[in-house]
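Each residue of the sequence shown is one higher than the last, beginning at 4 in my numbering. All remarks here apply to the structure that follows.
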Amino acid sequence: MELLLTNLEIRALKETLEAEVSHLRMDIATAKDRTMREDLITRMELLLSILEQIPAAVLDVA
Numbered sequence: 004m005e006l007l008l009t010n011l012e013i014r015a016l017k018e019t020l021e022a023e024v025s026h027l028r029m030d031i032a033t034a035k036d037r038t039m040r041e042d043l044i045t046r047m048e049l050l051l052s053i054l055e056q057i058p059a060a061v062l063d064v065a
């Protein structure tokens with residue numbers, strides 16, 4: 004699947020993903036249930052994978 008996004012959309016997506024990853028890290032740290040923690044880790048890894056695919060060069064353009 005390919006998404007065509009403007010620079011502003013890419014920045015908004017990146018910021019949203021980073022915020023969600025941050026929240027997931029806090030949730031993982033406080034999760035008492037192992038299954039829930041593993042699910043949160045999986046979700047975080049998926050979001051990090053998406054973040055890695057966002058080209059850094061595009062984000063540098065104003």
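Beta carbons are placed, not taken as given, at the ideal position from N, Cα and C, and that holds for glycine.
Would you kindly work out how many angstroms separate the C-alpha atoms of residue i and residue j, rounded to a whole number?
i	j	result
Ala-3	Ser-25	Absent from the model: residue 3. The displayed extent of the chain is 4 to 65, so no value can be given.
Thr-45	Ala-22	16 Å
Asp-30	Leu-6	29 Å
Ile-13	Ser-52	15 Å
Asn-10	Ile-57	11 Å
Ala-34	Glu-41	9 Å
Glu-18	Leu-8	14 Å
Arg-37	Ala-59	35 Å
Is residue i buried or exposed, if buried means 16 or more other CB atoms sit within 10 Å of its CB?
i	result
Leu-43	buried
Do residue j and residue i count as a contact pair if the criterion is CB distance below 7 Å?
i	j	result
Met-47	Leu-16	no
Leu-20	Leu-49	no
Looking at the C-beta of residue i, does it have a partner C-beta in chain C at a distance below 7 Å?
i	result
Leu-51	Among the chains in the structure shown there is no chain C, since it carries only a single protein chain.
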